[in-house]
Amino acid sequence: MAKGIRLDWKPWSVFKQSHFLVRFAVSVLVICLGLHIIYSNTTTTDDNIPSIGFYKLRSLPIDIDSIGFLPAPCAQKAIDDTMSPAPAPSEDSAKLQRNRIQNQITRKEKCDLSIGEWILDPSRPMYYQNGSCPFLPDDQNCIKNGRLDSGFLYWRWKPRDCELPRFNAVRFLDSMQNKHWAIVGDSISRNHAQSLLCILSEVCSALSAAGLISDSGSHWLCNETDFCYASDQVAPANEVYHDEGFTIQRWHFEAYNFSLSTVWSPFLVEYVPQDTNDFRLDLDKLDKKWADQYTSFDYMVISAGRWFLRAATYYENNTIVGCHYCPGKNLTEYGLDNGYRKALKLVFDFVQNSNHSSLVLYRTTTPVHKGHGNTGGTCDRSEPYKQGEIDLNDEEVVFRNVELEAFKDGEGKSLKLLNVSEVSLLRPDGHPGPYWHYHLLANATYQNDCLHWCLPGPIDNWNDLIMEMVLND
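What follows is the structure, encoded as structure tokens:
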């Protein structure tokens, strides 16, 4: 009986031991599988690392959008392997980030970028600080010159029928490798070129501010404005040429083989100063300073306009055909509009008939916020106008009408209209005013500059329009 019992018990004991081993093995397998899933969800592979510029980023403990852009010129500086990794983004956040990077404009239909309003957006990151740009001239550095209000910096242009993506320096430079841009015109054009240079030159200082590169050690050099570059390379933007009078300047971004030139040509046609405010204009001859270089430019932003208000004698075929504002010369008044119209037709015909493949953006004339005629006025507002609260003055209406008429006749695949008239008209708060030099005495009277633009300031938004027209349209 005892044997029977022992015989009946032994198989059951073996079965229990086997069952326990199976359960233990399954439990270990489940635990290992769970650990593998957890580990795989917190580990970033190279395939999941976003590629920005020329290189792949490790998991960055920063929000790319908070910087605005991350630069390819800094690609050759490896990011420290000891940097603590951030959690991998969720699928939804990754999709949102991809949508941001794509920067595609949302349209109801064909969008007129020139009609809209300025929207207060305090959360919008600035493209650069007034102390961070080595190209910023003192007479446009309003904050340095004592301007205390900074509210004018936090507005963005919102077209009526679409959203306008903000300028992305990395995408712009990546798209413009081996290209040459030129900004041609007067002091407003130079003002615009300085804005673009300031934005593009921030590529390294953005990483420095985020702690992704150091301003010490052998790999990087930084000046007092946090303008950083690799010690074995040139700076992200170097001035490589200027003529004796600085009427032509050129900067080169070596990492992209991208060049940006400025050309002083306030009339776009050939001109000879007769005295301080009197000129000879040859309406049938282009200014050689830009025309002779035209085939070297892939993109151009050109403008004229306001200089045609000055006294001038007009020539065609080396013969006087009339003048503008020439009392006592016994010459026929040619008309401000006719002189400007002739000049634009010559420029547009040249571009359209050239065999050179380029894209030319004609920038419309910008307003001066000093009222009509002798009514005076200042640009001491602290916020933008709303649409309908202000109009162009009489001369500016003439400029606008001539530009729209000439552009309609000359429009083509090589020529686009960069219409910034209303964009600029609504921003009297963006001018230097008295802060074009250091403002020492509060009760003193200073001449106001209500024509040029503070840097940083509203003119930076012109680059949003350009990027949309060139890369997204």
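Reading the sequence shown from the start, the letters are residues 1 to 473 in the numbering used here. For glycine and all other residues, C-beta sits at the position ideal for the given N, C-alpha and C.
Proximity winner among Ala343, Gly305, Arg160, relative to Glu396 (alpha-carbon distances): As a first step, residue 396 must be located in the sequence shown, where it is residue number 396. Checking every option, the nearest Cα to that of Glu396 belongs to Gly305.
So which of Gln194, Asn257, Asp243 has the shortest CA-CA distance to Pro458? On the sequence shown, position 458 is the one that residue 458 refers to. Taking only the C-alpha atoms, the option nearest Pro458 is Gln194.
Taking Cβ to Cβ, would you say Leu451 is nearer than 8 Å to His431? Here residue 451 refers to the residue found at position 451 of the sequence shown. Here residue 431 refers to the residue found at position 431 of the sequence shown. Closer than 8 Å, so yes.
One question on the structure: do Leu425 and Pro367 come within less than 8 Å of each other, judged by their Cβ atoms? Translated into the one-based positions of the sequence shown, residue 425 becomes position 425. Translated into the one-based positions of the sequence shown, residue 367 becomes position 367. Going by C-beta atoms, Leu425 is nearer than 8 Å to Pro367.
Anyone know if the C-beta pair for Phe279 and Met176 falls short of 8 Å? Taking the first residue of the sequence shown as 1, we reach residue 279 at position 279. Taking the first residue of the sequence shown as 1, we reach residue 176 at position 176. It is not a contact, given that the beta carbons lie outside the stated cut-off.
What residue does the alpha helix (DSSP H) around Ser421 start on, and which one ends it? Against the sequence shown, residue 421 aligns to sequence position 421. Unbroken alpha helix (DSSP H) run through Ser421: 421 to 425.
On the three-state DSSP scale, how would you describe Ala444? Taking the sequence shown and counting its residues from 1, one reaches residue 444 at position 444. Coil at Ala444, not helix or strand.
So what does DSSP say about Asn238, is it helix, strand or coil? Mapped onto the sequence shown, residue 238 falls at position 238. Looking at Asn238 - three-state DSSP - the assignment turns out to be strand.
Taking the alpha-carbon of Asn277 as reference, which of His324, His356, Val423, Ala255 has the nearest alpha-carbon? Your numbering for residue 277 matches position 277 in the sequence shown. Nearest C-alpha to Asn277: His324.
At a cut of 8 Å, does the region 298 to 312 reach the region 169 to 188 through at least three beta carbon pairs? With the rule of 3 Cβ pairs closer than 8 Å, the region 298 to 312 counts as touching the region 169 to 188.
Okay, do the region 347 to 364 and the region 278 to 294 touch, 3+ Cβ pairs below 8 Å being the bar? Touching, per the Cβ criterion.
Applying the 10 Å Cβ sphere with the 16-neighbour rule, what's the burial state of Phe267? Position 267 of the sequence shown, counted from the first residue, corresponds to residue 267. Phe267 should be labelled buried.
May I ask you to list the residues that DSSP assigns as paired with Leu418? Position 418 of the sequence shown holds residue 418. Paired residues: Arg363.
Are Trp462 and Val420 touching if we call contact CB-CB under 8 Å? Position 462 of the sequence shown holds residue 462. Position 420 of the sequence shown holds residue 420. Yes; because the gap between Cβ atoms is below 8 Å, this pair is in contact.
Does DSSP classify Asp394 as helix, strand or coil? As a first step, residue 394 must be located in the sequence shown, where it is residue number 394. Here DSSP, grouped into helix, strand and coil, assigns Asp394 to helix.
Measure the alpha-carbon distance for Phe135 versus Asp394 and round it to whole angstroms. Here residue 135 is taken as the residue at index 135 of the sequence shown, counted from 1. Here residue 394 is taken as the residue at index 394 of the sequence shown, counted from 1. The alpha-carbon atoms of Phe135 and Asp394 are separated by roughly 35 Å.
DSSP state of Val368 mapped onto helix, strand, coil: To locate residue 368, count along the sequence shown from 1; it is residue 368. Coil at Val368, not helix or strand.
With a cut-off of 8 Å on the beta carbons, I'd call Glu383 and Leu164 a contact; round off their distance for me. Position 383 of the sequence shown, counted from the first residue, corresponds to residue 383. Position 164 of the sequence shown, counted from the first residue, corresponds to residue 164. Going by Cβ atoms, the distance from Glu383 to Leu164 rounds to 20 Å, so no, they are not a contact pair.
Within the chosen definition, does the region 150 to 166 reach the region 112 to 124 through at least 3 CB pairs nearer than 8 Å? yes
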